[in-house]
Amino acid sequence: KAGVTQTPRYLIKTRGQQVTLSCSPISGHRSVSWYQQTPGQGLQFLFEYFSETQRNKGNFPGRFSGRQFSNSRSEMNVSTLELGDSALYLCASSLDSQAFFGQGTRLTVV
Amino acid sequence: QKEVEQNSGPLSVPEGAIASLNCTYSDRVSQSFFWYRQYSGKSPELIMSIYSNGDKEDGRFTAQLNKASQYVSLLIRDSQPSDSATYLCAFSGAAGNKLTFGGGTRVLVKP
Numbered sequence: 006k007a008g009v010t011q012t013p014r015y016l017i018k019t020r021g022q023q024v025t026l027s028c029s030p031i032s033g034h035r036s037v038s039w040y041q042q043t044p045g046q047g048l049q050f051l052f053e054y055f056s057e058t059q060r061n062k063g064n065f066p067g068r069f070s071g072r073q074f075s076n077s078r079s080e081m082n083v084s085t086l087e088l089g090d091s092a093l094y095l096c097a098s099s100l101d102s103q104a105f106f107g108q109g110t111r112l113t114v115v
Numbered sequence: 002q003k004e005v006e007q008n009s010g011p012l013s014v015p016e017g018a019i020a021s022l023n024c025t026y027s028d029r030v031s032q033s034f035f036w037y038r039q040y041s042g043k044s045p046e047l048i049m050s051i052y053s054n055g056d057k058e059d060g061r062f063t064a065q066l067n068k069a070s071q072y073v074s075l076l077i078r079d080s081q082p083s084d085s086a087t088y089l090c091a092f093s094g095a096a097g098n099k100l101t102f103g104g105g106t107r108v109l110v111k112p
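What follows is the structure in structure tokens.
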């Protein structure tokens with residue numbers, strides 16, 4: 006069974022730009038969550054989607070948004086990028102409360 | 002007070018010894034508890050999940066949960082150099098799959 010697939014693996018963007026990250030969950034998993042990992046703040050929850058609906062949301066500004074498609078694939082978007090948005094963005098696919106992470110997208114904002 | 006507290010380490014353990022990791026949490030409605038292992042530059046990997054009080058064993062790993070004390074621990078028996086990693090404690094509440102993570106404990110197993 007294929008794992009969670011995130012694309013792209015690496016991104017370099019300039020301040021003020023926007024970025025879209027993609028996540029394909031494990032087949033059969035309907036819940037997809039997004040996390041931001043930084044050395045200073047650790048792993049922080051962004052949001053969770055289940056059956057195309059946002060089910061939970063973390064404490065991030067409105068510049069961070071997401072969506073889920075009917076095939077459970079999910080995207081997250083960050084607009085007006087700031088230097089502090091540089092981080093590893095992780096997608097997790099869940100079934101029966103257990104979450105499995107993708108390899109992540111390393112975003113660098115310059 | 003942080004929602005999940007872990008000693009950041011590093012926890013240095015001789016090869017073959019037992020590594021003992023601890024985690025306390027503040028949210029009493031927490032339902033499910035997890036331990037993840039994260040190697041440097043990699044994503045977290047789920048190694049244990051525990052939902053009720055008591056011990057749960059899986060291979061060389063044993064997780065212990067005490068909801069009354071709001072405490073969860075992980076024991077790694079017969080530690081190997083390949084166990085050197087950061088171990089993250091996490092919990093989820095009653096609704097959805099939102100995970101709240103601790104800062105992680107770095108474990109170093111020395112041959």
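Protein sequences, first through last, are from chains A and B. The first sequence begins at 6 in the numbering used here and counts up one residue at a time. The second sequence begins at 2 in the numbering used here and counts up one residue at a time. Glycine included, C-beta positions come from ideal geometry on N, C-alpha and C.
The beta carbons of A/A92 and A/S38 sit about 15 Å from each other, so the pair does not count as a contact at 8 Å. Per DSSP, the beta-bridge partners of B/P15 are B/K111. The distance from the Cβ of A/M81 to that of A/S70 is about 7 Å, consistent with a contact at the 8 Å cut-off.
Straight through space, the alpha carbons of A/Q46 and A/V83 are spaced by roughly 18 Å. No Cβ-Cβ contact shorter than 8 Å links A/Q22 with A/Y94. B/G103 is positioned such that its CB atom lies closer than 8 Å to that of B/E6. In the three-state reduction of the DSSP assignment, A/L86 falls in the coil class. Take the alpha-carbon of B/S27 and the one of B/Q39: they are about 23 Å apart. Around A/H34, the same chain offers S77, S98, S99, L100 as residues with beta carbons nearer than 7 Å, after the five sequence neighbours per side are excluded.
In the structure shown, B/D79 falls within a coil segment according to DSSP collapsed to helix, strand and coil.
Here B/D84 carries a helix assignment [DSSP, helix/strand/coil]. B/S80 sits close to B/A18, with the two beta carbons spaced by under 8 Å. Taking a beta-carbon distance threshold of 8 Å, A/E53 counts as an interface residue toward chain B.
In the structure shown, B/Y40 adopts coil according to DSSP, grouped into three states.
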